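Engineer: Residue numbering for the sequence shown follows the numbering used here, beginning at -18 and increasing consecutively.
Even for Gly, the Cβ is constructed at its ideal location relative to N, Cα and C.
Treat the numbers as computed from the prediction; the structure is a model and nothing was measured.
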Amino acid sequence: MRALSRGFRRLGSALLLAALAACAHGPRHADMRAAMQARPDPDAPLTRSFSGKLSVQVPPQPGQRVAQGGSGSFELLGDAGQGQLELSTPTGSLLARVRWSPTSVSLEQPKEQRSYDSLDALTLELLGESVPVAALFDWLRGRPWSGAAAALLPAPEQGFEQLGWRVQTDRLAEGLLSAHQLGGRSATLRVRLARED
């Protein structure tokens, strides 16, 4: 794996965790059990985009003195098969655009473009570990991915754990989402979704 700058790793973390953040739209805790049992139509496209503000915090890793993190705006459109994710600075300047289709995955930045074999390969290089990208698109619909076991959080908490992530949905009515990686880099994500008109 090529050595990447700390800033590039932060950008990668923010880009991929932004996708997770969009899972804030979805069923309430009372409907979560039914959503876990229902298999969604895999051919149904995601017809709307998700956007908002996000912040990411990654605790210091061995040999690091300070935590990594950042904040900005994101916009996500598509599904697991084809889509686009943009990350911008708080002032609106585009930091990066990730595009994927059945035949390609690319990361575009103002002065660089890179191609990858898969979204998993992109996440492995940027974060040092694979992120369950296939699951993110069911998470976008506010339910666990049907391809892996999941567990509801104990009442009165709202949300679920799946594939090493604890997704908390108790503040969705306010447009807020928190997600915590269990183990690994132990990343924490906080998102405020843009209100729909």
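(1) Using a Cβ-Cβ cut-off of 6 Å (strictly less than) and excluding sequence neighbours within five positions of Gln90, which residues of its own chain qualify?
(2) Could you check the C-alpha separation between Pro125 and Ala132 for me, to the nearest Å?
(3) Check each candidate in Arg152, Ser52 and Leu58 and name the one with the smallest Cα separation from Val79.
(4) Just to confirm, is the Cβ distance from Glu56 to Ser82 under 9 Å?
(5) By DSSP, does Glu142 sit in helix, in strand, or in coil?
(6) Based on DSSP bridge pairs, tell me the residues matched to Thr169.
(7) Shorter than 8 Å, the distance from the beta carbon of Ser54 to the closest heavy atom of the ligand ZN, or not?
(8) Would the segment 62 to 73 and the segment 38 to 50 be scored as touching if the rule is three or more Cβ pairs under 8 Å?
(9) Count the other C-beta atoms from every protein chain shown that fall within 10 angstroms of the C-beta of Glu67, then say buried if there are 16 or more, exposed otherwise.
(10) Quick check on Ala116: does DSSP put it in helix, strand or coil?
Structural biologist: So, to answer that:
(1) So the list reads Ala77, once near-sequence residues are dropped.
(2) C-alpha of Pro125 to C-alpha of Ala132: approximately 9 Å in a straight line.
(3) Val79 has its Cα closest to that of Leu58, out of Arg152, Ser52 and Leu58.
(4) A distance of 9 Å or more separates the beta carbons of Glu56 and Ser82.
(5) When secondary structure is reduced to three states using DSSP, Glu142 falls in the strand class.
(6) Paired residues: Gln38 and His161.
(7) Questions concerning the ligand ZN fall outside what the structure shown contains, since it holds no ligand whatsoever.
(8) With a cut-off of 8 Å, the segment 38 to 50 and the segment 62 to 73 do not count as touching, because too few Cβ pairs lie within range.
(9) With 16 or more other Cβ atoms within 10 Å, it is buried.
(10) When DSSP states are grouped into helix, strand and coil, Ala116 belongs to the helix group.
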